[in-house]
Structure formats: C-alpha cells, structure tokens
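Below is one structure, written out as structure tokens, with a few remarks after it.
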Amino acid sequence: MLPNFYPDESADSAYKVDYKALYNRGYRGILFDIDNTLVEHGKDADERAKKLIRNLNELGFKVCFISNNSEERVKRFNKDLHQNYVYKAGKPSRTGYLKGVMILETTLSNTVFIGDQLFTDIYGARRAGLKSIFVNPIGKDTEIQIIIKRYLEKIVLYFYRHSNTKRKSRK
C-alpha cells in the first residue's frame, strides 16, 4: 500500500529539479502544484517562480498549474506567468491531472507532475499514470490537518528512501 504514495523521483525543491535532463528524456509537459511547491502557501508568483517558468518555456516545456484552490487564487498566482491552469482540481482524483494533460496537448508518457504532498499530489499523479516528482515543501504549515499529513508523510518517506537505498545497493 505504501508504494502507492511513492514518487518516481524526489528533489529538494522545484527549483533544483534537472529540467534539462527531463527534456532530454523526452518530457514536454510539466504539471505543477502551486502552494508550497513553487511559493509559500497563498503567495503570488515571485521572481524565482517567474524565472523558472520562463526558463522552462524557453527549454520547450509546456506548463500547467494544477491546484485544489479556487480560480481566484490560481489566477492571482498566474497573472504574470500566463500559463495554463486547472483550479478546483480535486486532487488526488485523476480528473484534474488528465485535464491538464489535455490542455497542454501532451501525453501521459511525456508529462511530469511536480508537487509537495504525497497524499494528494503524488498519489493523484500516480493514479493518473504520470511520472511524479516529490519536492520538499516551501514554508511552514500552519493548518492542523496539513501538519498531521506532514507527520504521516515522514513515515511514508522513510520507507520510500529505505526502498530506494535497497534498490541502488542491488545494482
């Protein structure tokens, strides 16, 4: 059961993912969570986020934001980025992810999802058949339900990292 929540890859942050390597491996679409993945919860796109998205577009990636937030929140984040988005995505339901792939006109096999929550972001991406990259959250969580989820995520991440160590030692 725990492997259902395991990402395909992980990185310290969305800003440390090797996007050029993803592009060279044939990926052309990126679906991003917003809050605590690209910016602190509720914040507008900052210069770092703007630069990342600009660089991804220059590399040849199509980008779409997938968020459970309201359209107002996602529009506000996206106002200077001008990317596609799906709001009220219902993660971990497959629907928002599939809609994002359709909007980008990419495929499940050449699109990657990047997010900071195992039980919504990564689980949903796996359910949709997408490659997933888990990144450490930006900022502190203040809502109790998120704090509890983060504690449970630590348990899953322990087993995920332990299983990766075992696989690497067998090679």
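One point on numbering: in full-length UniProt numbering, the residue at position 142 of the sequence shown is 142, and numbering is uninterrupted.
Beta carbons: idealized from backbone N, C-alpha and C, even for Gly.
In this text the structure is predicted, and so the values were computed from the model without any measurement.
Rounding to the nearest angstrom, what Cα-Cα distance links residue 152 and residue 2 in this structure? 11 Å
Which term fits residue 107, buried or exposed, when burial requires 16 or more other beta carbons within 10 angstroms of its beta carbon? exposed
Residue 28: which of 130, 136, 160 and 158 sits nearest, CA to CA? 130
The alpha helix (DSSP H) that contains residue 95, what's its start and end? 94-104
My understanding is that residue 62 touches residue 81, with C-beta atoms under 8 Å, so please give their C-beta distance in whole angstroms. That belief does not hold up - the Cβ atoms of residue 62 and residue 81 are roughly 13 Å apart, past 8 Å.
For residue 62, write down the residues that DSSP places opposite it in a beta bridge. Answer is 29, bridged to residue 62.
Rounded separation between residue 110 and residue 26 - CA only: Answer to the nearest angstrom: the Cα atoms are 6 Å apart.
According to DSSP, is residue 109 part of a helix, a strand, or is it coil? helix
3-residue-minimum beta strand (DSSP E) runs that sit fully inside the segment 121-146, ordered along the chain: 131-135
For the 8 Å Cβ check, are there 3 or more pairs between the segment 2-19 and the segment 68-82? no
From residue 83 to residue 158, what does the alpha carbon distance come to, in whole angstroms? 35 Å
Count the other CB atoms, across all protein chains shown, that sit within 10 Å of the CB of residue 12; report buried if there are 16 or more and exposed otherwise. By the 10 Å Cβ count, residue 12 comes out exposed.
Take residue 10 and list the residues in its own chain whose beta-carbon comes closer than 6 Å to its own, dropping the five residues that flank it on each side. 134
Spatial neighbours of residue 138 within its chain, please: C-beta separation below 6 Å, excluding the five flanking residues on both sides. 36 and 40
Assuming the contact rule is C-beta atoms closer than 8 Å, residue 44 and residue 66 should be a hit. Round their C-beta distance to whole Å, please. With 8 Å as the limit, residue 44 and residue 66 do not qualify as a contact, their Cβ atoms being about 18 Å apart.
Return the Cβ separation of residue 59 and residue 23 in integer angstroms, given the expectation that the two are a contact with Cβ distance under 8 Å. 5 Å
Which partner residues does residue 86 have in the DSSP bridge list? Per DSSP, 66.
Along the alpha helix (DSSP H) that carries residue 21, what are the first and last residues, could you check? 19-24
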